[in-house]
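Letter by letter, the sequence shown follows residues 4 to 254 of this note's numbering.
Below you'll find the structure, written out as structure tokens, and then a few comments.
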Amino acid sequence: MAESMSDNGKNKVEREIVLRMTDVCTYYGAIRALNKINIEIRKGEMVCLLGGNASGKSTTLKTILGYAPPREGTIEFLGTRTEKMQTKEIVGLGVSLVPENRRLFGRMSVLENLKMGAFLRNDDEIEADMEHLFTLFPRVKERLHQTAGTLSGGEQQMVAMSRALMARPKLLLMDEPSMGLAPIFVQTVFDIIQTISNEGTTIFMVEQNANMALSIADKGYVLQTGEIVLSGSAEALRTNPQMKKAYLGDV
Ligand SMILES: Nc1ncnc2c1ncn2[C@@H]1O[C@H](COP(=O)(O)OP(=O)(O)OP(=O)(O)O)[C@@H](O)[C@H]1O
Ligand SMILES: [Mg+2]
4 MAESMSDNGK NKVEREIVLR MTDVCTYYGA IRALNKINIE IRKGEMVCLL
54 GGNASGKSTT LKTILGYAPP REGTIEFLGT RTEKMQTKEI VGLGVSLVPE
104 NRRLFGRMSV LENLKMGAFL RNDDEIEADM EHLFTLFPRV KERLHQTAGT
154 LSGGEQQMVA MSRALMARPK LLLMDEPSMG LAPIFVQTVF DIIQTISNEG
204 TTIFMVEQNA NMALSIADKG YVLQTGEIVL SGSAEALRTN PQMKKAYLGD
254 V
């Protein structure tokens, strides 16, 4: 059945599965970084992946994107099996990444970076999408002709998010969007992520800032040394005693 136009993906009916990882194991050489990971993300959801340093959060995103393909298990993206696909094919299906540490094209201007985000598109709405992004990120518009490498950390994060959105992703992956940002920028970045989610973009976000992430997510997964040790609705995780003790700074 066709979706209604007003459905931004946030209604309560069972929505289409965008990403399903089933019993995924990923290795770096002999080292197993992910052990039987199961994750499900539905259309319009904002899902967060929490966990301490070296727990496998970035590896999970790299596995989805084919940078670190799984040795075992399956990955389905909108019904297509992707676990053996190359990164460029997976990106072509509509997965976009805002990487850890932004990784902009530092010598290019902000505008050139944004255009790179849209390079797989051939529709005529690229300009309109850019104008829309400027309403979300007025700072990006102000800095359009500045060399990306000279932007502040917070500005670079906004350009990285804008660049990823220029691809009109069916799934937006974000690796620690708050990392290294001043508190005032952290709030701004999370507000914008919430807006992007409300506009209907499906988001899978890695964060160490569990409180912040759970305040805007629909559901979450918690990784510990490569295994999912907890999962549930954001509300259930926020009130889970184990969660509070380990990740939410409960005293
Ligand atoms: N290219 C690689 N080669 C070998 N081991 C790797 C590689 N990348 C990551 N690892 C190892 O895999 C484990 C998980 O790393 P990963 O980067 O996924 O953690 P993370 O949860 O993102 O951590 P952080 O919060 O510090 O970013 C770590 O022990 C790490 O050393
Ligand atoms: Mg990481």
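Ideal placement from N, C-alpha and C gives every residue a C-beta, glycine not left out.
Counting along the chain, residue 77 sits inside no alpha helix (DSSP H); it lies in the beta strand (DSSP E) bounded by residues 75 to 80.
Assignment of residue 176 by DSSP, reduced to helix, strand and coil, places it in the strand class. DSSP, reduced to helix, strand and coil, places residue 46 outside both helices and strands of the structure shown, so it counts as coil.
Judged by beta-carbon spacing, residue 39 lies beyond the 8 Å limit of residue 51, meaning their Cβ atoms are not closer than that value. The set of residues with CB atoms less than 7 Å from any heavy atom of ligand 2 reads, in chain order, 60, 61, 103, 178, 179 and 209. A distance criterion of 7 Å places the beta-carbon of residue 58 in contact range of ligand 1, judged by its closest non-hydrogen atom. Distances taken from the Cβ of residue 213 to the heavy atoms of ligand 1 include none shorter than 7 Å.
Rounded to the nearest angstrom, the Cβ distance from residue 179 to residue 210 is 6 Å, consistent with a contact under 8 Å. Beta-bridge partners assigned by DSSP to residue 35: 30.
Taking 8 Å as the cut-off, the Cβ atoms of residue 84 and residue 113 do not count as close. In this structure, the alpha-carbon of residue 82 lies about 22 Å from that of residue 223.
Annotated as distal: residue 55 and residue 18, with beta-carbon spacing of 8 Å or more.
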